[in-house]
Amino acid sequence: MDSAFVSVIVVNWNGERYLSRCIDSILNQDYRNLEIIVVDNASSDDSLYILQKYPQILLIQNHENLGFARANNQGFEIASGQYLFALNNDAFLSKNYISLMVDALSRYSNVASAIGKILRAEDNSTIDTTGLFMTRFLRTKDRGYSAKDHGQFDANNITSRAIFSVCGCAAFYRSAAVRQVSNGYQIFDSSFFSYYEDIDLGWRLQNAGWDSIYIPEAVAYHVRGGSEAAVFFKKSQFYQFHTLKNRYFTIIKNISFYEFIIFLPVLIFTESGLLLLILTKYPHLLAVYRAVAEHLPHLLQLRKSLSKLRTRHLALLKY
Numbered sequence: 001m002d003s004a005f006v007s008v009i010v011v012n013w014n015g016e017r018y019l020s021r022c023i024d025s026i027l028n029q030d031y032r033n034l035e036i037i038v039v040d041n042a043s044s045d046d047s048l049y050i051l052q053k054y055p056q057i058l059l060i061q062n063h064e065n066l067g068f069a070r071a072n073n074q075g076f077e078i079a080s081g082q083y084l085f086a087l088n089n090d091a092f093l094s095k096n097y098i099s100l101m102v103d104a105l106s107r108y109s110n111v112a113s114a115i116g117k118i119l120r121a122e123d124n125s126t127i128d129t130t131g132l133f134m135t136r137f138l139r140t141k142d143r144g145y146s147a148k149d150h151g152q153f154d155a156n157n158i159t160s161r162a163i164f165s166v167c168g169c170a171a172f173y174r175s176a177a178v179r180q181v182s183n184g185y186q187i188f189d190s191s192f193f194s195y196y197e198d199i200d201l202g203w204r205l206q207n208a209g210w211d212s213i214y215i216p217e218a219v220a221y222h223v224r225g226g227s228e229a230a231v232f233f234k235k236s237q238f239y240q241f242h243t244l245k246n247r248y249f250t251i252i253k254n255i256s257f258y259e260f261i262i263f264l265p266v267l268i269f270t271e272s273g274l275l276l277l278i279l280t281k282y283p284h285l286l287a288v289y290r291a292v293a294e295h296l297p298h299l300l301q302l303r304k305s306l307s308k309l310r311t312r313h314l315a316l317l318k319y
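Following the UniProt record's numbering, the residues of the sequence shown are numbered contiguously, the last one being 319.
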């Protein structure tokens with residue numbers, strides 16, 4: 001099984017608190033045929049000093065913070081693995097995580113991405129995510145988020161393990177699949193900067209006929225800060241702007257006309273209500289609509305290009 005080469009990409013920005021634990025968990029894997037690529041987004045803490053202790057890693061140093069999506073793309077560009085593993089710097093792995101991922105993707109040729117059981121680093125009995133699913137309001141949620149782990153999502157058959165998309169904190173991809181749906185453009189859309197890039201890629205993979213699955217035997221741990229658990233409008237304006245903007249970018253790029261017609265009544269109801277709320281209480285988010293308008297020609301061009309890869313409709317309605 002070790003014949004398949006895995007490229008692990010870790011994007012870091014001021015992650016000194018977690019970086020060693022993350023990299024050590026990769027080096028301690030029982031799967032040895034891998035490379036570690038760290039992309040540092042101009043950290044101002046002691047991250048680079050810590051990274052000097054790991055001469056075996058491939059390091060890309062940016063002189064400014066290019067964002068999570070673009071930095072991952074830098075890693076993807078130089079990665080030579082049959083599998084690409086995008087791992088957050090504040091996540092760490094159980095010893096057999098990568099070997100279980102490789103085993104799953106080698107057995108199921110139509111699976112493009114997989115994620116294990118991600119538990120809270122600060123409370124190993126609490127689920128962080130078991131994959132992303134799409135709601136009927138065209139919003140995505142981490143399945144099992146904040147629930148106690150009782151094995152409730154640990155189905156034995158592959159069909160029951162299907163998810164809409166993997167979460168970007170520990171996203172394991174088949175290189176050939178994600179490069180196919182990048183369509184000569186980018187694996188993660190760098191215009192997103194941060195947030196929603198995993199969902200956009202997952203939707204592209206679904207549209208192209210690929211599957212994503214959850215592997216409960218593979219366990220990892222992720223630090224989920226208090227701000228992450230807060231409701232949307234209590235989070236930072238940076239988070240609000242990029243999450244909402246990127247959600248609209250993702251829908252425009254990936255939804256088919258047929259799906260759009262089906263979802264139109266719901267979208268009119270939810271999005272008009274959201275716009276009214278923004279107008280009355282959160283006017284700073286009007287910048288989202290300006291950004292969408294500015295990027296619309298490019299988004300429509302991408303949509304046209306990506307539509308040529310579509311082989312599946314309404315897969316998202318399963319979730």
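Each residue gets a CB set at the ideal place from its N, CA and C atoms; glycine is no exception.
Being a predicted model, the structure only gives us computed values, none of them experimental.
- Within the same chain, I115, T130, G131, L132, F133, R143, S212, I213, Y214, Y319 come within 8 Å of I163 by CB-CB distance, once the 5 residues on both sides are set aside.
- Cβ neighbours of K245 within its own chain (closer than 7 Å, five residues either side excluded): V288, A291, V292.
- According to the DSSP assignment, G273 belongs to no beta strand (DSSP E) but to the alpha helix (DSSP H) extending over 257-281.
- In the same chain as F92, and ignoring 5 residues on each side of it, the C-beta atoms closer than 6 Å to its own belong to R21, C22, S25, Y221, in chain order.
- If you look at S125, you'll find it in the beta strand (DSSP E) that goes 123-129.
- Of all C-beta pairs linking the segment 236-243 to the segment 193-207, three or more are shorter than 8 Å, placing the two stretches in contact.
- One thing to note: L58 has its Cβ within 8 Å of the Cβ of E35.
- Excluding residues up to 5 positions away in sequence, A112, A177 lie with their Cβ nearer than 6 Å to the Cβ of W210 in the same chain.
- Annotation: the segment 81-142 contains the following complete segments of the beta strand (DSSP E) (minimum length 3 residues), in chain order: 83-88, 91-93, 111-120, 123-129, 132-134, 140-142.
- In this structure, F260 keeps its C-beta atom at 8 Å or more from the C-beta atom of H295.
- Two segments are said to touch when three or more pairs of C-beta atoms, one from each, lie closer than 8 Å; by this definition the segment 78-92 touches the segment 9-21.
- Contact annotation, Q29 with I98: C-beta distance approximately 5 Å; criterion of less than 8 Å satisfied.
- Straight across, the Cα-Cα distance linking F263 with S256 is about 10 Å.
- DSSP places L58 in the uninterrupted beta strand (DSSP E) bounded by 58-62.
- Your pair S175 and Q52 does not check out as a contact, with CB atoms roughly 29 Å apart and the cut at 8 Å.
- Of the other Cβ atoms in all chains shown, fewer than 16 fall within 10 Å of the Cβ of G151; this residue is therefore exposed.
- With fewer than 16 other CB atoms across the displayed protein chains lying within 10 angstroms of its CB, G273 is exposed.
- In the three-state reduction of the DSSP assignment, H313 falls in the coil class.
- Nearest in C-alpha terms to G75, of all of N41, Y108, S165, is N41.
- At the C-beta level, N65 and A86 stay beyond 8 Å of one another.
- Take S94, set aside five residues on each side of it, and the residues of its chain with a beta-carbon closer than 6 Å to its own are V219, in chain order.
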